[in-house]
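What follows is a single structure, written as structure tokens, with notes after it.
4 protein chains.
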Amino acid sequence: MSWLENSIMASRGVAKGQAGAHHRLTEERQGKYHYVYGAFAEPVLTIQPGDVVEVETHDAFEGKITSVDDKPSEKLNIPYLNPQNGPIFVDGAEKGDCLAVYIHSVKPRGPQPVGTTCLIKEFGGLVGTANTALLNEPLPEIVRKVHVDEETGVRWSDRVTLPYEPFIGTIGTAPEIEAITSLQPDYYGGNMDLPDVAPGAVIYLPVQHAGGYLHLGDCHAVQGDGELCGVAIEQPSTTTLQVDLIKGMTIAWPRLETESMLMTIGSARPLEDAARIAYRELVRWVAADYGFETLEAYMLLTQCGKVRLGNMVDPKYTIGASIQKTYLA
Amino acid sequence: MSWLENSIMASRGVAKGQAGAHHRLTEERQGKYHYVYGAFAEPVLTIQPGDVVEVETHDAFEGKITSVDDKPSEKLNIPYLNPQNGPIFVDGAEKGDCLAVYIHSVKPRGPQPVGTTCLIKEFGGLVGTANTALLNEPLPEIVRKVHVDEETGVRWSDRVTLPYEPFIGTIGTAPEIEAITSLQPDYYGGNMDLPDVAPGAVIYLPVQHAGGYLHLGDCHAVQGDGELCGVAIEQPSTTTLQVDLIKGMTIAWPRLETESMLMTIGSARPLEDAARIAYRELVRWVAADYGFETLEAYMLLTQCGKVRLGNMVDPKYTIGASIQKTYLA
Amino acid sequence: MSWLENSIMASRGVAKGQAGAHHRLTEERQGKYHYVYGAFAEPVLTIQPGDVVEVETHDAFEGKITSVDDKPSEKLNIPYLNPQNGPIFVDGAEKGDCLAVYIHSVKPRGPQPVGTTCLIKEFGGLVGTANTALLNEPLPEIVRKVHVDEETGVRWSDRVTLPYEPFIGTIGTAPEIEAITSLQPDYYGGNMDLPDVAPGAVIYLPVQHAGGYLHLGDCHAVQGDGELCGVAIEQPSTTTLQVDLIKGMTIAWPRLETESMLMTIGSARPLEDAARIAYRELVRWVAADYGFETLEAYMLLTQCGKVRLGNMVDPKYTIGASIQKTYLA
Amino acid sequence: MSWLENSIMASRGVAKGQAGAHHRLTEERQGKYHYVYGAFAEPVLTIQPGDVVEVETHDAFEGKITSVDDKPSEKLNIPYLNPQNGPIFVDGAEKGDCLAVYIHSVKPRGPQPVGTTCLIKEFGGLVGTANTALLNEPLPEIVRKVHVDEETGVRWSDRVTLPYEPFIGTIGTAPEIEAITSLQPDYYGGNMDLPDVAPGAVIYLPVQHAGGYLHLGDCHAVQGDGELCGVAIEQPSTTTLQVDLIKGMTIAWPRLETESMLMTIGSARPLEDAARIAYRELVRWVAADYGFETLEAYMLLTQCGKVRLGNMVDPKYTIGASIQKTYLA
């Protein structure tokens, strides 16, 4: 955890990146899960900056898809999808601040096969959808249950085993006045499906509403870039976060920090707009905090910026743009 | 009003298209205006199917831009934009029904010059925006106040007078569980900025939440296709609606009917997705209710469909696709 | 023809809009048709500004689809589609000039049923395509032959008769150094499928290569906005044009003039970029030639601009943006 | 070079991946460079499958930008940009085959500072452009000359040194009947600006025209994902290729192979269409050649596919989608 001591969280956070009290947000304590990002629901938990929260998340289907014989169209009830834990109220958070969320771990939770993926009608990156509205027949519904193990990986088939590379698919704060489906990623975070939101990273989330109203859910055991068919290896999880608060650090979109890089995250349609948002935020960040002129930062990122595709399937698509910290020394 | 007797509203509505009680939703009665489409606020009015409501709408700036010397960036307070009247609770409306809203009239309200348009930073069809995020400098802010008269038209300048062709920029029902900024158009209506939503037309809006929760606002004295700079001739108005309810008519997106045509309305990004939504809905409507095979309807609309661009500036863009009723006889 | 006397063609053309010699470009004289817009093929005809050319166009399938039992996938040979007449060399045309092409008439040519439409695999506005590359199964292939008559219209079915509203689907000049498939619309014209390119209109086309190298083909008996399934009522035609030359009128994209309006035409993906191009060209045109400041033109077009969707199916999509001449007086 | 012995090139190529005769395509031998991808120009070189070609490429500006005081708008002459070596005629190549091009090395060529980058008006990922046509003022023109060394790297500034990670920005075959600007990437390759097209990789390019007509140019010393401002570290180079021919391997889009992965490459607008093309090609490849069902491949790539953004600035955007070979064993 040594790099964390030099993280933005540690240098600017109210708790200086130090861990505080430990909370458990179990299924029982959570009670009702939520399907929107907003500040209309009562917080289930109030914490102090630095507190650690262990969260029992559901999978994106709230456990309703239990067998390869299930039909998602029969089991799922739109718009009650992608259940979220929270809201967590962070004491002292006000509009214009940001939360710094260090992701400690994401562990599979529940009986095997704990992982689920499937094809859902008119949903996914290579099919007609509700937005890309076409007359072609949808693909058949297929469900796959997958054994997930932190040590031995994700057993896709007799032939293929994938690594266990877990991350949080959906995490964010509440918009100021809106309540938006947890299926959507946006300026406050949400359903970004970005594999970098993983153990060992700190994600910075803008606060629009007093308390921040942190939500999370939708953890994935592993996922490729783009979450192509729209459904990763979805799993219920025990996810542990350390939540700090940075006063007066106003950010327009989520940011992410690891030991080696800084990333900005944009979500929009078409996909180039997501890339534009992410890269403009990165230009501005590098210019504001690291002593580069704006156009110098623009030209430098042309040579060394990296892009990660989150998902290309949700109501908005997500892209992360990053720069290695070594170039900012 | 004779064509109305043969409208879908008249033939399928609970009130058979007959006008009921008359209500006035004045500024005073409205009190607090709303900035989201949702079902979290208490209804200001409950009506029966067929009732007529006269609504005092604000302009999109809630009257805060009063002079050509105002700077929108100083007067406007994001996200408190595009104030909406409502919610109006329609008795008996349930998820799966639709509201039929006949637009009787839209009249300018208040002292001259009653119309306002302006350039807002990073907003509009020919500038970089929050989504199409660029490094170019924004255009200057410019405010224009315009005299609007139902008879003599919209006095743009000494040189140019535009016709008074008013319509409702923003109208819709509440999403089932969300509360979405009134700046956005979507499946429930919202900020479509479609000039066909005008006196003489019936707009059909899907009900997702019991009571429908009808909102409206943002009336325009006149507007071109696309609402190019993002701001039409905005005006406070007295707008009169007759609201009927059609039980069991489940529609996925707003529809519109006039004496001569049927229109479906889609909102999405990129713009081709808005067109796809609108046209797919029209194919399905023509196929379901007018005795054409689906692919026959697709091929026929290829030859006779008409497209109207609502706005190309909002969080989603809006397109209406239509067919003349004569082809459906 | 009186408005033509006041057209831009008449006031600025080398021939002052006066008709010159008459040429016939029959099938025989054309010989080999072309499938690209370029200056690599030898001109089939050299004309003087003002000359009138009567052109025998093929339909977009070069007549290969003759029966409702034909399968387009068996009859068509990619990329040999959308055959074009030309190139026509206009004497004196140089890079930086523009051609003014007055469309006199478009008449159906050949035995009935002279019109053809069809569904082509992975082509069209409401299906997955080569670009919007999906895994859904394609729609079935369907061919329809249609009787077309200038007087009685387009006999779609026993139930529906459509008006005869013919136009030129594909017309343009050669790019300077490229040769681009005639399926694509672009800055030089090409496959715009814009119903305004019709008898009675003048289209202005930029000259990039000496002689202009005018091509045309792909005439439609009638078409809806967007050419939804990708295939209008395609017909072989006898099309008569008067071609003038305007020296030193440099335009970036095609423009169009009718008795009542001025239009600019943009082609791009996504569709909003086509709209941006068209509207920016219109802003610039109104500002340059009609005494408006640029931002004044932008704000005025917000209130009175009109948009026409050409096609939403080709390698680029096409949009025309227009303003009524009355506002420019 | 051992992995190459097991490459697709080695197993299916006419030359079995064995190096043949060595050719030098110097500036002198090339003579006139080309600005389109097409088969209208005479081949400068004819080779046999397996032959090795050492090519002297120009930088994308043909060396015209020699000083930081140059203005690109004054030095560059549209459309004569991005000069290409070739065409190289590969004996025996016919439509339906593909070329396998092993990239041996890309070395800087010429006096220091050999690298150039710059800001060009209305070109780049974070500015209004000819397609995303806006009214904002363009950014200033800026030129930067950069010292490039294979050993010590790319000296961006006193503060930042970037690694030398060279690749070929533009490479491809001729379309069958078109000649398309070398600024554009497409199904035949072209200006993809994909950093994976680097020494050590084999790129597979579809043959549309007898002889293939291989072109290349536009080598980069280093570039970030997206080529954000539109101009990488451009350098003249000596690039060495081994060109094999695979008979009867028909591919719709370029493919790429390295020791560890297989990649497919798509180019389109909007950016999601580039991703769809790349991923659909990868699904089909994995299904056709590695014993997976199509929908199984789709679901597997959802979990393990990787995406690389080439450029987000050209007339089409480019994305590579890949899978690790270990999953295909």
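Chains as they are written, first to last, in my numbering: chain A, 146 to 474; chain B, 146 to 474; chain C, 146 to 474; chain D, 146 to 474.
Note that CB positions come from ideal geometry on N, CA and C, so glycine has one too.
With 16 or more other Cβ atoms from the protein chains shown falling within 10 Å of its own Cβ, D:N456 counts as buried. For C:L350, not one C-beta of chain D is nearer than 9 Å to its own C-beta. Cβ-Cβ separation between D:L284 and D:D370: approximately 21 Å, too far for a contact (criterion under 8 Å). Under the three-state reduction of DSSP output, A:E402 falls in the strand class. Contact residues of the segment 251 to 282 of chain A toward chain C are L271, V272, G273, T277, A278, L279, L280, N281 and E282 (C-beta to C-beta distance below 8 Å).
When Cβ pairs closer than 8 Å are counted between the two stretches, the segment 357 to 368 of chain D is seen to touch the segment 243 to 251 of chain D, the count reaching three or more. Less than 9 Å separates the beta-carbon of A:V200 from that of A:T383. DSSP links D:D294 through a beta bridge to D:G298.
Pairing C:Q380 with C:H365 gives a Cβ-Cβ distance under 9 Å.
Between the alpha carbons of A:P232 and B:L280 lies a distance of about 35 Å. Contact annotation, D:V198 with D:L386: C-beta distance approximately 5 Å; criterion of less than 8 Å satisfied. With at least 16 other beta carbons inside 10 angstroms of its own, D:H179 counts as buried. If the five residues before and after B:N227 are omitted, its C-beta is found closer than 7 Å to the C-beta atoms of Y180, A205, T315, S327, L328, N336, G362 and D363, all from its own chain and listed in chain order. Closer than 8 Å at the C-beta level to chain B, one finds these residues of the segment 408 to 437 of chain D: P415.
Contact of A:A160 with chain B is not assigned, every C-beta pair being separated by 9 Å or more. Taken through DSSP and simplified to helix, strand or coil, A:L445 comes out as helix.
The beta-carbon of D:L284 is placed less than 9 Å from the nearest beta-carbon of chain B. For D:Q469, no alpha helix (DSSP H) segment is defined; the enclosing uninterrupted segment is the beta strand (DSSP E) at Y462 to Q469. Close to D:V181, with beta-carbon spacing below 7 Å, are these residues of chain C in chain order: I322 and E323. For a Cβ distance threshold of 7 Å, residue set E417 of chain A lies close to D:Y462, ordered along the chain. Apart from the 5 residues on each side of it in sequence, D:G260 sits with its Cβ closer than 8 Å to the Cβ of P253, K290, V291, H292, V293, V299, A366, I378, E379 and Q380 in its chain, given in chain order.
DSSP places B:E201 in the strand class (E or B) of the three-state scheme. Between the alpha carbons of C:Y332 and D:E321 lies a gap of roughly 22 Å. A buried status is given to C:A238, since no fewer than 16 other beta-carbon atoms sit within 10 Å of its beta-carbon. Per DSSP, D:V428 is not a residue of any beta strand (DSSP E); the alpha helix (DSSP H) it occupies stretches across L416 to D434. Any Cβ of chain B closer than 9 Å to the Cβ of A:T439 would place that residue at the interface, and such an atom is present. Contact fails between the segment 430 to 442 of chain B and the segment 161 to 168 of chain C, because fewer than three Cβ pairs, one in each stretch, are under 8 Å apart. Going by beta carbons, D:L440 and D:Y472 fall outside the 9 Å limit. Selection D:V428, D:G334, D:K470 and D:K461 evaluated against A:G270 yields D:V428 as nearest (Cα-Cα).
The C-alpha of D:Y443 lies about 44 Å from the C-alpha of C:V342. At a cut-off of 4 residues, the continuous stretches assigned as alpha helix (DSSP H) that sit fully inside the segment 196 to 271 of chain C are 217 to 220. Within the DSSP secondary-structure output, C:M408 pairs in a beta bridge with C:L401 and C:S467. The beta-bridge partner set that DSSP reports for A:Q387 consists of A:V197 and A:Y247. C:I287 sits in a strand when the DSSP states are folded into three classes. Using a Cβ-Cβ distance cut-off of 8 Å, the segment 458 to 470 of chain C and the segment 403 to 420 of chain C are in contact, since at least three pairs of beta carbons, one from each stretch, lie closer than that value. In the DSSP secondary-structure assignment, A:H360 is bridged to A:G317.
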